[in-house]
Amino acid sequence: MTYFWEDATMILLVNGIMSVAAFLLTWSIIPKFRQMFLKAGFFGLDLNKKGHEKIPESAGVIAGAVFLCVMFFFIPVPFHRHLSDNGNPFPHNVFVEFITALLSICCMLFLGFADDALDLRWRHKLMLPTLATLPLLMVYYTNFSSTVIIVPKPLRAFFGHDVDLRT
1433 MTYFWEDATM ILLVNGIMSV AAFLLTWSII PKFRQMFLKA GFFGLDLNKK
1483 GHEKIPESAG VIAGAVFLCV MFFFIPVPFH RHLSDNGNPF PHNVFVEFIT
1533 ALLSICCMLF LGFADDALDL RWRHKLMLPT LATLPLLMVY YTNFSSTVII
1583 VPKPLRAFFG HDVDLRT
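Residue numbering for the sequence shown follows our numbering, beginning at 1433 and increasing consecutively.
Next comes the structure, spelled out in structure tokens:
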């Protein structure tokens, strides 16, 4: 039990330090990309000001990229005891869930930028996030043998309360 609290405290401390570092990095990087986004045509007009100043858009990709980089560096932190101690079996299922969640976030980040760049239609915007969640569904299926999805309330009259994707 003592190991749990020591590990949890250390993991939270490292997470907090990395989060503050990611914030400061994002805060300093975004202004440096302003001209690049304007030059590439990723901008909108500030209609609330007289000069209609150009405001760069798609800066979320910068914050998302910094987040993913920080999470990649964070991967060994929760698993440090398993990596350093040969007596502890490595929790491969938890590791795969973690990596798959990062893959889904990466897919959504790419889709958000693609939406900004390609001006996707709404019907495509509905389908693409569904595709980005497929890696998570596959991992849940292999780890837990469960692919049950809770149906949103407006659609329950048609599909029921939940849908098992295996059937």
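Yeah, the Cβ is synthetic: ideal placement off N, Cα and C, and Gly gets one too.
CA-CA distance, T1441 to F1511, rounds to 14 Å.
A1454 is positioned such that its CB atom lies closer than 8 Å to that of V1498.
Judged by DSSP secondary structure, G1483 falls outside any alpha helix (DSSP H); it is assigned neither H nor E.
One alpha carbon belongs to T1579, the other to K1464, and they sit about 43 Å apart.
Straight-line measurement puts the Cα of D1594 at about 8 Å from the Cα of R1588. Shown here, F1475 sits in a strand according to DSSP, grouped into three states.
Residues of the same chain with a CB within less than 8 Å of the CB of I1461, apart from the 5 flanking positions on each side, are I1494 and V1498 in chain order. DSSP places D1547 within a helical segment (H, G or I) once states are collapsed to three. Per DSSP, reduced to three states, the secondary structure at I1507 is coil, with no helix or strand assignment.
Counting only runs that start and end inside the segment 1569-1599, the beta strand (DSSP E) elements of at least 3 residues fall at 1580-1582 and 1594-1596.
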